[in-house]
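Please read the structure below before turning to the comments.
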Amino acid sequence: MGLREEKKVEQRRAILDTAVALFRKRGYEQTRVQDIIARLRISEATFFNYFPTKDALLYEFAVEDIERSTTAIRAELERHDRSVPDRIRSIMSSWVRGWASDRRFNELVANRSRLLSGPKGELREKALRNYDLLAELFAEGQTRGEIRADMEPLQLAEILEGIFVITAGNWLFQWWKDGTGPLDERLTRALLGNVFSTSCAVSAVPFFDLFRDSAADLVPFFSTASTRTTHAVTTQASMWTSLTASMRFLPNTRTS
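Be aware that the sequence shown starts at 2, since it is given in this note's numbering, and climbs by one per residue.
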């Protein structure tokens, strides 16, 4: 990288860091582009040369957040001395630290960048890359007999992401009126069923049949121990039957 390119990278970094600091201190709506350029002593034209809108700053922050996640996953992929379940827990812990570091600001980033609700462009491509990396980790766990082998690694990666996105999203946006508690505790509870372990593997039956045929099928899929009441299981089976009936014709494909 030449000197000119280095200066561009440094300028972009300075704009983003200054903007994020002001957003955290004053609030997003209260911070104007003029405030950012005044702090940096640059022209408005220089700012817009790097970021076309104020929202683009938050999008860039979200991209960097995904890249930090990529770094954490790659690090765990190299740690063959530890079990795959332990490495997955380490990845989840790194995600929690990032989201819990500044709840209000991360809520803003998630909202404006659509990080948790349909990211596009570079953000989407980097998120899909992380799915592939997680799938690689799950595949290793299957080879070592530590992870259930009745599902494709990519689907297991999708389930893990789903658990995190729903749990973290509900925590971030304070979905529950009675309080959500610490994010790490909520994720620990969400993973107590240990749906990735070999003990949770189910027979090879069609997905919809799994939930339609009997309430008892739900138990081995979601938990290692049958701690639910018959009524609770039957109720969940009814809910899943209704839900999957409406989803019957949805394609189960990954689009680009």
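In this text, a Cβ means the ideal position worked out from N, Cα and C, and glycines have one as well.
Check: Using the three-state DSSP reduction, which class does Lys8 fall into: helix, strand or coil?; Outcome: helix
Check: With 16 other CB atoms within 10 Å as the buried threshold, where does Arg145 fall?; Outcome: exposed
Check: Is the CB-CB distance between Leu134 and Arg75 below 8 Å?; Outcome: yes
Check: With C-beta atoms as the reference, is Phe48 less than 8 Å away from Val34?; Outcome: yes
Check: Is the CB-CB distance between Ser70 and Asn107 below 8 Å?; Outcome: no
Check: For Asn171 and Arg27, I'd like the C-alpha separation in whole angstroms.; Outcome: 25 Å
Check: Within the continuous alpha helix (DSSP H) that includes Gln175, where are the two ends?; Outcome: Careful: Gln175 lies outside any alpha helix (DSSP H) and carries neither H nor E.
Check: In chain order, what are the residue ranges of uninterrupted alpha helix (DSSP H) at least 4 long that sit wholly in the region 72 to 138?; Outcome: 85 to 101 and 104 to 114
Check: Rounded to a whole number of angstroms, what is the C-alpha to C-alpha distance between Ser44 and Glu147?; Outcome: 56 Å
Check: If you measure between the beta carbons of Thr32 and Leu41, is that distance less than 8 Å?; Outcome: no
Check: For Thr47, which of helix, strand or coil comes out of DSSP?; Outcome: helix
Check: Pick helix, strand or coil for Thr230, following the three-state DSSP scheme.; Outcome: Confidence at Thr230 is low in this model, with a pLDDT of 41, below 50, so the placement of that residue is unreliable and no value is reported for it.
Check: Starting from Asp36, follow the alpha helix (DSSP H) in both directions and report where the run begins and ends.; Outcome: Val34 to Leu41
Check: For Glu123, collect the residues of the same chain with a Cβ closer than 7 Å to its Cβ; drop the 5 residues on either side in sequence, then sort them by chain order.; Outcome: Val64
Check: Tell whether a beta-carbon distance below 8 Å holds between Ser114 and Tyr51.; Outcome: no
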